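Chemist:
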Amino acid sequence: MEVGDIRPYIYPDIELDREEGQGIEDLKANSQPAIPDPDKWLDEELSQNILLTSADALINWGRRSSLWTAICFPACCAFEFIAANGPRFDLARFGMEILRASPRQADLMITAGTLTWKMAPNVQRIYNQMAEPKWVIAMGACGISGGIFASAPYAVVPGYNHIIPVDVYIPGCPPRPEALIYGIQMLQKKIAKRRNLTLGKD
Amino acid sequence: MALKTEPFVLNMGPVHPSTHGVFRMRTTLDGEVVVDIEPIFGYLHRGVEKLAEQRTYTGIIPLTDRLDYISSMNNNLAYCLAVEKLAGIKVPERAEYLRVIMAELQRIAAFLIAVGAFLNDCGAFFTPFMYMFREREKIVDLLEMVSGQRLTYNYIRVGGVSQDIPEEFLPALRTFVAQMPGFIDEYDRLLMQNEILLARAKGVGILTREQAINCAASGPVLRASGVKWDIRQADPYSIYDRFEFDIPTGTVGDCYDRYRVRVAEMRQSLRIIQQAMTQLPPGPVKAAVPHLIRPPVGEAYAHLEAPKGELGFYLVSDNSIAPYRCHIRPPSLINLTALRDMVRGWKVADLIVIFGSIDITVGEIDR
Amino acid sequence: MTAVLSGKEIARQLTEKFPESIIESGQDYLVVKNESLLAVAAFLKDTPELNFDYLNFITAVDYYHYFEVVYRLSSLEHNHSLVLKTHCADRENPALPSVTGLWQGADFQEREIYDLMGINFEGHPNMKRIFLWEGFAGHPMRKDFR
Chain H
88 MEVGDIRPYI YPDIELDREE GQGIEDLKAN SQPAIPDPDK WLDEELSQNI LLTSADALIN
148 WGRRSSLWTA ICFPACCAFE FIAANGPRFD LARFGMEILR ASPRQADLMI TAGTLTWKMA
208 PNVQRIYNQM AEPKWVIAMG ACGISGGIFA SAPYAVVPGY NHIIPVDVYI PGCPPRPEAL
268 IYGIQMLQKK IAKRRNLTLG KD
Chain E
2 MALKTEPFVL NMGPVHPSTH GVFRMRTTLD GEVVVDIEPI FGYLHRGVEK LAEQRTYTGI
62 IPLTDRLDYI SSMNNNLAYC LAVEKLAGIK VPERAEYLRV IMAELQRIAA FLIAVGAFLN
122 DCGAFFTPFM YMFREREKIV DLLEMVSGQR LTYNYIRVGG VSQDIPEEFL PALRTFVAQM
182 PGFIDEYDRL LMQNEILLAR AKGVGILTRE QAINCAASGP VLRASGVKWD IRQADPYSIY
242 DRFEFDIPTG TVGDCYDRYR VRVAEMRQSL RIIQQAMTQL PPGPVKAAVP HLIRPPVGEA
302 YAHLEAPKGE LGFYLVSDNS IAPYRCHIRP PSLINLTALR DMVRGWKVAD LIVIFGSIDI
362 TVGEIDR
Chain L
9 MTAVLSGKEI ARQLTEKFPE SIIESGQDYL VVKNESLLAV AAFLKDTPEL NFDYLNFITA
69 VDYYHYFEVV YRLSSLEHNH SLVLKTHCAD RENPALPSVT GLWQGADFQE REIYDLMGIN
129 FEGHPNMKRI FLWEGFAGHP MRKDFR
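These protein sequences, in sequence, are chains H, E and L.
Adding 87 to a residue's 1-based position in the first sequence gives its number in this note's numbering.
Adding 1 to a residue's 1-based position in the second sequence gives its number in this note's numbering.
Adding 8 to a residue's 1-based position in the third sequence gives its number in this note's numbering.
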């Protein structure tokens, strides 16, 4: 198919690059303290410690047994996640076989890899596009604290909890698929304790 | 009446199911046809070269694991070859053979993922990928037996390997080498004459011989374009000159040729492993190397044939415990120089197939 | 085995064609001046006996007083290789001619050197940062970064 004269790099997108760079610098300046972990579910007050209604139990069972993951696979942990999806450690038996490309159809984000400041606005955007209720699992040492790369602070975010709130942390470099499955089961236990239908004050 | 059209810029963003990792392309499209493409990297730039200046020579080995994370043994080996060249360390025989066995096993595992992901991009949604993962799990079991890790092994050290193989390794390796040709035959039976694969990959994304050499492509991308250049035979490192194996090349340089070259190289790797297994001598597995290596002042470049291409390490030393400069020659980044020429004039769906056939790992591009 | 060509041999051949271009030549490397870099590189590529058509890598090293840019060239036909170096003494605005006209493989590598070391390559079609974002202050691989 004949394509006509092409000037080298038709649209010099240096303006778009500058805007992106400015966004990254702003995010870096604003994200220095870590976002505290969501711990409302740990509430030990007696008023909240009522047995969940059967409607709640049913909704929680539905939600935790069919978690769909959003794609966020920067680096090496992605391959342990894919191996966990593979034929040997089957994640589909937990209802998690769908790896949807679109974050709007997902409710779990497993962050498998190192986060850099250049990637951080995109991860935040994907997180914002996910619909409630949504959960985040920080997988691997890089997800928890920056891992082996944390000592080069010019480029690596020291942990995903500077950008998005994280529910479960799975240590390892990379964590074995069995460790990942254990982390997912911990998240499922956490989801089982949610109160969805609140009557009166929350 | 002629229709007036105008090219527009479409961003295939860093979060995309078909880009192998966080890789972004700004494509200029005229309708569905790609007119221009600008790849944008850096979303996984972790500063490995800067970190390497602050760690001891042995402490850099875990960092090298994480470069091309699906072929960690080859990364370790390339780095250790460079340090041994710089410091003049001789590796014992048994360690050399073990290194070759691990490197070739790792090459088969990496090619399984490469071919599986390529077929994924061609449209065979996950079925060949799952088949290849079944074999990869067998290899990963073998490598876990020697090093304890599934993905980032940290096994090959300066002066040899870190520990000897356990007794159950060689019988398990023998069973694997006996079974694997049957599995590769199964893939060929299912895929080689598959109409959809031929329609999507044959004749698509042709890279001519001159372009490939000019763009400094290496590995299966270079060999599929007809250049018979394999560092294991052209500039043998370690003990590769003792083994007999062929170099498969392609003729046309399209995506189908790259796929065929990768599958054929898997068979050649099995040949090398068989020869190495029979020749494996007893002896020590690590040379007597001090904990903190201080090479003399100088520089060295060592390269090897990684599954992605020519992986090289350029080390400059100033007689201290950390290198003065450690530069990594990334095969994936340099193979991507050819992407723009390969892709112009094809449609967006072909762009995905061509990009998948180059087979990159973003951890290696961005380091 | 890839034969590593002797730097002194090549230096002798080059001083006949390009006088005053060599700064230093060692056992396996060759240092040329910035101004004659393109001419020497073109000569190395086009001479049939040398035929250095494959560029292995380009990198830069920061030696406090100067930057050293290292090119490693190979010939696939004759199976020999050579290391070509050049020095860049200016630390404020270092600049070198780009070799992308000769070897297209130098494209991304020169952008990487610009991004991480700050050396500008004149004649490059798309000289901008590649790994870090626009607006990043400084060049990380320099020895005096932070």
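Don't be surprised by glycine CBs; every beta carbon is placed ideally from N, CA and C.
Computed from a predicted structure; not experimentally measured.
Could you tell me whether the Cβ atoms of Val223 of chain H and Ile251 of chain H are closer together than 7 Å?
Modeler: Cβ distance < 7 Å, so Val223 of chain H and Ile251 of chain H count as in contact.
Chemist: Would Pro240 of chain H pass as a contact of Gly110 of chain H if the rule is Cβ separation under 7 Å?
Modeler: No, the Cβ-Cβ distance between Pro240 of chain H and Gly110 of chain H is not below 7 Å.
Chemist: Skipping 5 residues on each side, what residues in its chain have a beta carbon closer than 8 Å to that of Ala339 of chain E?
Modeler: So the qualifying residues of the chain are Leu208, Gln212, Ala213, Cys216, Ala218, Val222 and Ile359.
Chemist: Helix, strand or coil: how does DSSP classify Lys229 of chain E here?
Modeler: Residue state, collapsed to three classes: coil.
Chemist: Sorted by chain position, which residues of the same chain lie with C-beta nearer than 6 Å to Ser73 of chain E's C-beta, five sequence neighbours on each side aside?
Modeler: The answer, listed in chain order, is Asp66, Thr153 and Tyr154.
Chemist: Would the stretch 160-169 of chain H and the stretch 194-210 of chain H be scored as touching if the rule is three or more Cβ pairs under 8 Å?
Modeler: As far as the Cβ criterion goes, the stretch 160-169 of chain H touches the stretch 194-210 of chain H, which means the pair count is three or higher.
Chemist: Our contact map puts Ala193 of chain H next to Ala157 of chain H with C-beta atoms below 8 Å; I'd like the distance itself, whole angstroms only.
Modeler: Yes, Ala193 of chain H and Ala157 of chain H are in contact; Cβ-Cβ is about 4 Å, under 8 Å.
Chemist: So if DSSP puts Ile127 of chain L in a beta bridge, which residue, or which two residues, is it bridged to?
Modeler: BP columns for Ile127 of chain L are empty, so no partner.
Chemist: Suppose only complete runs of 4+ residues qualify. What are the alpha helix (DSSP H) ranges in the stretch 177-221 of chain H, listed by chain order?
Modeler: Complete alpha helix (DSSP H) runs here, min 4: 207-216.
Chemist: Given this structure, state the Cα-to-Cα distance separating Pro264 of chain H from Tyr71 of chain L, to the nearest angstrom.
Modeler: Straight-line Cα distance between these residues: approximately 45 Å.
Chemist: For Phe144 of chain L, name the three-state secondary structure that DSSP assigns.
Modeler: Of the three classes helix, strand and coil, the one that applies to Phe144 of chain L here is coil, per DSSP.
Chemist: Which of helix, strand or coil does DSSP assign to Gly270 of chain H?
Modeler: In the structure shown, Gly270 of chain H sits in a helix (DSSP, three-state: H, G or I).
Chemist: Does any residue of chain H bring its CB to less than 7 Å from the CB of Pro148 of chain L?
Modeler: Interface residue, yes.
Chemist: For Val354 of chain E versus Val23 of chain E, is the C-beta spacing smaller than 7 Å?
Modeler: No, the pair does not count as a contact, with Cβ atoms beyond the cut-off.
Chemist: For Leu140 of chain L and Pro324 of chain E, what's the separation of their Cα atoms in angstroms?
Modeler: Distance between the alpha carbons of Leu140 of chain L and Pro324 of chain E: 24 Å.
Chemist: Does the distance from the CB of Leu46 of chain L to the CB of Phe60 of chain L come in under 7 Å?
Modeler: No, the Cβ-Cβ distance between Leu46 of chain L and Phe60 of chain L is not below 7 Å.
Chemist: With a threshold of 7 Å on Cβ separation, who are the neighbours of Val205 of chain E within its own chain once the five nearest residues in sequence on each side are excluded?
Modeler: Asp255, Cys256, Trp347, Asp351, Val354 and Ile355, listed in sequence order.
Chemist: Considering Cα atoms alone, identify which of E:Pro8, E:Met193, E:Leu99 and E:Gln107 is closest to Gly32 of chain E.
Modeler: Looking at the Cα atoms, E:Pro8 is the closest of the given residues.
Chemist: Report the residues of the stretch 100-119 of chain E with a CB closer than 9 Å to any CB of chain H, ordered along the chain.
Modeler: Residues passing the 9 Å Cβ filter: Ile114.
Chemist: Out of E:Leu271, E:Asp242 and E:Phe134, which has the shortest C-alpha to C-alpha gap to Glu97 of chain E?
Modeler: Per the Cα distances, E:Asp242.
Chemist: In this structure, what does DSSP give as the bridge partners for Pro40 of chain E?
Modeler: Paired residues: E:Met26.
Chemist: Note down, in chain order, all residues in the stretch 114-140 of chain L with a beta-carbon under 9 Å from any beta-carbon belonging to chain H.
Modeler: For the stretch 114-140 of chain L, which is checked against every Cβ of chain H, the residues closer than 9 Å are Pro133, Asn134, Lys136, Arg137, Phe139 and Leu140.
Chemist: With C-beta atoms as the reference, is Val244 of chain H less than 7 Å away from Phe236 of chain H?
Modeler: No, Cβ-Cβ distance for Val244 of chain H and Phe236 of chain H is not below 7 Å.
Chemist: So if I threshold CB-CB distances at 7 Å, which residues from the stretch 221-255 of chain H count as touching chain A?
Modeler: Here chain A cannot be found, since the structure's protein chains are H, E and L.
Chemist: Can we say the stretch 45-52 of chain E touches the stretch 18-35 of chain L, given the rule of at least three CB pairs closer than 8 Å?
Modeler: Taking 8 Å as the limit for Cβ pairs, the verdict is that the stretch 18-35 of chain L does not touch the stretch 45-52 of chain E.
Chemist: If you compare alpha carbons, which of E:Glu85, E:Asp236 and E:Leu192 is closest to Tyr260 of chain E?
Modeler: Of E:Glu85, E:Asp236 and E:Leu192, the residue nearest in Cα terms is E:Leu192.
Chemist: Around the C-beta of Gly43 of chain E, are 16 or more other C-beta atoms found within 10 angstroms, so that it is buried, or is it exposed?
Modeler: By the 10 Å Cβ count, Gly43 of chain E comes out buried.
Chemist: What would DSSP say about Ala237 of chain H, mapped onto helix, strand or coil?
Modeler: Reduced to three states, the DSSP call for Ala237 of chain H is coil.
Chemist: Between Gly143 of chain L and Phe153 of chain L, is the Cβ-Cβ spacing less than 7 Å?
Modeler: Cβ distance not < 7 Å, so Gly143 of chain L and Phe153 of chain L don't count as in contact.
Chemist: Just how far apart, CA to CA, sit Pro297 of chain E and Lys93 of chain L?
Modeler: Approximately 21 Å between the Cα atoms of the pair.
Chemist: List in chain order: all unbroken alpha helix (DSSP H) runs of 4+ residues lying wholly within the stretch 33-110 of chain L.
Modeler: Listed in chain order, the complete alpha helix (DSSP H) runs (minimum 4 residues) inside the stretch 33-110 of chain L are 45-54.
Chemist: For Asn136 of chain H, does the count of other Cβ atoms within 10 angstroms reach 16, so buried, or fall short, so exposed?
Modeler: Caution is warranted here: a pLDDT of 48 is assigned to Asn136 of chain H, below 50, making its placement in the model unreliable, and the coordinate value is therefore given only provisionally. When all chains shown are included, Asn136 of chain H counts as exposed.
Chemist: What span of residues does the alpha helix (DSSP H) with Ile185 of chain E cover, start to end?
Modeler: Ile185 of chain E -> alpha helix (DSSP H) spans Phe170 to Leu192.
Chemist: Using three-state DSSP, classify Ala79 of chain E as helix, strand or coil.
Modeler: Ala79 of chain E: helix per DSSP, three-state reduction.
Chemist: Residues of chain E with a CB under 8 Å from the CB of Asp61 of chain L: which are they?
Modeler: Chain E residues near Asp61 of chain L: Ile214 and Asn215.
Chemist: Give a yes or no on whether the C-beta atoms belonging to Ile257 of chain H and Met217 of chain H are separated by under 7 Å.
Modeler: In this structure, Met217 of chain H does not lie closer than 7 Å to Ile257 of chain H by Cβ.
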